[in-house]
Structure formats: C-alpha cells, structure tokens
Amino acid sequence: MIDKNTDILLLDGECGLCNRLAIFMNKNLDSGKKIKFQSIDSNHSQELIQTFPKGYQNQDTLYLYRYQKSYIRSSGAIRCLLYLKWYWKIWFPILWIVPLPLRDFVYKVIAKNRHRIFSKPEECSFRID
Numbered sequence: 007m008i009d010k011n012t013d014i015l016l017l018d019g020e021c022g023l024c025n026r027l028a029i030f031m032n033k034n035l036d037s038g039k040k041i042k043f044q045s046i047d048s049n050h051s052q053e054l055i056q057t058f059p060k061g062y063q064n065q066d067t068l069y070l071y072r073y074q075k076s077y078i079r080s081s082g083a084i085r086c087l088l089y090l091k092w093y094w095k096i097w098f099p100i101l102w103i104v105p106l107p108l109r110d111f112v113y114k115v116i117a118k119n120r121h122r123i124f125s126k127p128e129e130c131s132f133r134i135d
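The sequence shown begins at 7 in the numbering used here and counts up one residue at a time.
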C-alpha cells in the first residue's frame with residue numbers, strides 16, 4: 007500500500023554512488039525532515055513507480071516521491087538537498103537555475119559511468135524503510 011504522505015527516495019541498491027548518497031543524506035538530515043529510502047527493485051518501489059506518469063516509468067534513474075509528485079534524474083537529485091541541513095539546502099536554488107537539459111545531461115553522464123567510478127557495495131548498506 008502506498009502512503010501518499012511519505013517522501014520516498016528510490017535508489018539502486020547495487021550502486022555504490024546511490025549507497026553513498028543515502029548514507030550521506032541519512033547523516034545530514036535536517037531535524038524534523040523525514041524521508042524513506044527504498045531499493046528501486048523492491049515490490050513496493052515498483053508498485054509506486056507504476057503510479058508515476060508514463061514517461062517516468064521504466065527509467066534507470068533515481069526517483070524522488072515528494073508531496074505526491076514524482077521527480078527523476080537531476081530534478082530528484084537536486085530536490086534531495088531540501089531534506090538536508092541549511093548549509094546544504096542553500097545549494098538548491100543555485101543548482102535549480104541551471105537549465106534542465108544541461109542538468110539532465112550531466113546526470114546521465116554520471117549515471118552511465120557510476121558503476122565504473124563507484125565500486126559496487128557487497129550489500130545494500132543504506133537503511134531501507
């Protein structure tokens with residue numbers, strides 16, 4: 007069952023970069039901010055993804071489900087800053103003004119090379135809610 011009032015970050019549990027992102031976010035969460043982390047391959051995650059707009063489904067990307075809206079690629083990654091302490095949050099408007107095609111291009115280059123750059127964790131090491 008999908009809780010529409012819960013913010014959820016869907017990540018690749020076999021990706022070193024995704025693991026590092028979740029661990030970093032968990033350590034730097036702003037007090038009072040709550041977000042769940044889930045492996046993108048879980049049944050619950052797949053069920054949630056099926057509720058997203060058709061263009062967002064079947065993407066090999068990071069998904070952020072926030073305030074009953076879904077965000078992918080750079081939009082989801084940059085919005086993750088809104089959950090963090092103030093000194094990380096100040097980066098949100100700076101990065102958000104970069105045009106979406108340029109942001110997504112950079113995101114796709116990093117995503118394509120993430121397994122080569124960041125070693126695969128032996129097991130999913132971020133907390134899964």
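Heads up, the beta-carbon is just placed ideally off N, CA and C, and yes, glycines get one too.
C-alpha gap between residue i and residue j, whole angstroms
i      : j      : result
Tyr69  : Lys118 : 16 Å
Pro59  : Leu106 : 18 Å
Ile116 : Ser80  : 11 Å
Gln63  : Trp92  : 32 Å
Ser37  : Ile14  : 17 Å
Ala136 : Asp66  : With the chain represented from 7 up to 135, any question about residue 136 goes unanswered, as that position is not in the structure.
Thr57  : Lys40  : 21 Å
Leu54  : Asn11  : 13 Å
Trp97  : Gln74  : 23 Å
For residue i, the nearest candidate out of the options (CA to CA)
i      : options                        : result
Arg122 : Asn11, Leu15, Thr12 and Glu20  : Glu20
Phe43  : Phe58, Asp36, Gln56 and Asn25  : Asn25
Phe124 : Trp94, Asp18 and Asn34         : Asp18
Trp102 : Leu88, Ser37 and Gln52         : Leu88
Lys114 : Gly82, Trp94 and Trp97         : Gly82
Pro99  : Asp110, Arg85 and Leu23        : Arg85
Phe111 : Trp94, Lys126, Ile78 and Lys95 : Ile78
Ile46  : Asn32, Tyr71 and Asn34         : Tyr71
Phe30  : Gly61, Asn49, Ser76 and Trp94  : Trp94
Coarse secondary structure for residue i, derived from DSSP in three states
i      : result
Phe58  : coil
Phe43  : strand
Lys118 : helix
Tyr71  : strand
Ile96  : coil
Ser81  : helix
Ile103 : coil
Ser76  : strand
Integer-rounded CB distance, given that residue j should sit under 8 Å from residue i
i     : j      : result
Leu16 : Ser51  : 5 Å
Leu35 : Leu108 : So it is not a contact: roughly 28 Å between Cβ atoms.
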